[in-house]
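Trainee:
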Amino acid sequence: MEKSFPKISEEASATDAAKAISDSGSGFLIVLEGGQPRGIITEGDLVGKVMARELDPAKITAGEIMSSPLITVDPDDDLLKASEVMQKNSVRRLPVVRDGIIYGVLTAQDIAQHCGDYVSKSIRDILRWSLPI
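Here the sequence shown stands for residues 1 to 133, numbered as in UniProt numbering.
#1: Taking the CB atoms as reference points, tell me whether E33 and E10 lie closer together than 7 Å.
#2: Measure the alpha-carbon distance for P37 versus N89 and round it to whole angstroms.
#3: Note down the Cα distance separating L13 from A58, rounded to an integer number of angstroms.
#4: Take G39 and list the residues in its own chain whose beta-carbon comes closer than 7 Å to its own, dropping the five residues that flank it on each side.
#5: At 4 residues or longer, and completely inside the UniProt domain "CBS" (1-57): list those alpha helix (DSSP H) runs for me, N to C.
#6: Taking all protein chains shown into account, do 16 or more other C-beta atoms lie within 10 angstroms of the C-beta of V47, making it buried, or fewer, making it exposed?
#7: In chain order, what residues of the same chain have a beta carbon less than 8 Å from the beta carbon of T15, not counting five sequence neighbours either side?
#8: For S83, tell me which candidate among Q113, I101, Y103 and S4 has the shortest Cα-Cα distance.
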């Protein structure tokens with residue numbers, strides 16, 4: 001889970017959003033309104049909602065192009081629940097939020113990495129206990 005992630009205000013321009021995404025290298029940013037997470041903007045949002053429509057990014061606000069409402073999970077949810085939420089909503093990034101406080105952003109890559117580590121460990125354990133000495 002990424003505990004440090006780019007944020008931007010709803011009133012910021014799409015140009016500012018693009019710069020923030022580019023500078024962070026994360027591929028997304030969280031849109032805040034009054035300090036509360038309200039939406040997410042991805043590189044795909046910028047391409048599909050601004051560039052493909054030939055809109056002036058300096059005249060479009062982050063609030064106009066963000067994906068909202070924000071699809072989230074609770075910090076107490078397990079990875080299975082998070083992966084189900086991602087699949088159901090066709091998203092690859094999932095903010096972890098409770099009571100309006102964002103704790104981080106869980107990515108599909110995080111889940112794949114964790115599952116890969118778990119499978120590797122399980123296979124090692126099985127082989128270790130099943131091989132004759």
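We put the CB at the ideal spot given by N, CA and C, even for glycine.
Mentor: Reading from the atomic positions:
#1: yes
#2: 18 Å
#3: According to the sequence displayed, residue 13 carries Ser and not Leu. Using only the alpha carbons, I get a separation of about 5 Å.
#4: V31, M66, S67, S68 and L70
#5: 14-24 and 43-46
#6: exposed
#7: These residues qualify, in order along the chain: P57 and A58.
#8: Comparing C-alpha distances from S83 to each of Q113, I101, Y103 and S4 shows the shortest one belongs to Q113.
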